[in-house]
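Following my numbering, the numbering of the sequence shown begins with 21 at its first residue and continues without gaps.
Note that the Cβ used here is the ideal one computed from N, Cα and C, for glycine as well.
None of these values were measured; they are calculated from a predicted model.
Quick notes on the structure that follows.
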Amino acid sequence: MTTKAKLLAFTLDCAEPKKLAAFYHEVTGWDIQYSEDEYAAVGDGTTNIYFGRVPDRKPAAWPGPDKQFHFDFRVPDVEKAVAEYIALGAVKPEFQPGVTEEGTRWIVLQDPEGHLFCVCPEPS
21 MTTKAKLLAF TLDCAEPKKL AAFYHEVTGW DIQYSEDEYA AVGDGTTNIY
71 FGRVPDRKPA AWPGPDKQFH FDFRVPDVEK AVAEYIALGA VKPEFQPGVT
121 EEGTRWIVLQ DPEGHLFCVC PEPS
């Protein structure tokens with residue numbers, strides 16, 4: 021039987037860890053656990069997002085084949101959350117595969133350093 025692992029954290033490479041930790045603190049409401057120029061973290065006591073300084077990191081193009089991951093966040097009001105996240109520094113790319121003639125299933129945003137995340141509605 022294989023030893024089962026529990027996810028502790030997801031680490032993002034970024035140019036400005038403190039700035040990105042502050043952004044995700046606002047998005048998730050998670051506490052800023054650590055905040056230095058080289059490394060920062062937010063977490064809820066169980067799961068964390070770490071941010072490590074990689075000054076020359078280049079974000080993947082969207083859409084494009086270089087995307088390696090993205091976050092999905094559930095919110096009660098997608099349009100309101102998207103407006104708030106854009107005010108915090110997120111960018112809404114033109115390509116939106118979750119927005120169709122039938123309605124909005126999710127909206128893709130890029131954080132201030134270009135990492136992708138989706139804003140999804142809570143289940144009804």
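In the structure shown, the three-state DSSP call for Leu108 is coil. Boundaries around Phe43 are those of the alpha helix (DSSP H), 37–48, since no beta strand (DSSP E) includes it. Closest option to Phe30, judged by alpha-carbon separation, among Gln130, Ile69, Glu121, Ile106: Ile69.
Taking the C-beta atoms as reference points, Leu129 is found nearer than 8 Å to Val139.
Per DSSP, Val74 has no beta bridge partner at all. Separation of the CB atoms of Glu133 and Ala41 is rounded to 11 Å, and the pair is thereby denied contact status at 8 Å.
In this structure, the CA atom of Asp92 is about 27 Å from the CA atom of Thr23. Within the DSSP bridge table, the entry for Ser55 names Ala60 as partners.
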